[in-house]
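Chemist: Offset between the sequence shown (1-based) and my numbering: plus 100. Positions of the beta carbon are idealized from the N, C-alpha and C atoms, including for glycine. The structure presented is a predicted model; accordingly, all values stated were derived computationally and were not measured.
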Amino acid sequence: MSDLIDRVLEVEKEARRLIAEAEQEADRTVEQARQEARQIAEQARQEAQEQAEKLLEETRQQWDRKRQQALEEARETVPTIEELDSDTVAEAVEFVVRTVAPGPAE
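1) In terms of residues, what are the limits of the alpha helix (DSSP H) holding E172?
2) Measure the C-alpha to C-alpha separation of R167 and R160 and round it to an integer number of angstroms.
3) Kindly indicate which three-state DSSP category T180 falls into: helix, strand or coil?
4) If we call anything under 8 Å between Cβ atoms a contact, is T181 one with V189?
5) For a test of the three-state rule: what should DSSP assign to A201, helix, strand or coil?
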């Protein structure tokens, strides 16, 4: 009978050891999963930031091209002061003076 009790106690002791090992393994697995999740999240954040920076740069370049094109079109279509007749320039100057600084000059 004593052998049976000793054997039962050994089995219980082994079961407790196996349970403790399983709990430790579960803790390690959880921690490893957390670390992997952090790494995946960081990688995703970096990729998103890189994509955002790339999109921002592409948008800036696109706006620069549009702005440059608009400037070139304006240079081609808007007459210079030399190309305007002197009466038109005088009227424009008079209009600006009346609008910006009205007063005794009127």
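Modeler: To lay it out plainly:
1) That run of the alpha helix (DSSP H) goes 102–177.
2) Using only the alpha carbons, I get a separation of about 10 Å.
3) In the structure shown, T180 sits in coil (DSSP, three-state: anything other than H, G, I, E or B).
4) Just to set this straight, residue 181 is Ile in the shown sequence, not Thr. Yes, they are a contact pair.
5) When secondary structure is reduced to three states using DSSP, A201 falls in the coil class, being assigned neither helix nor strand.
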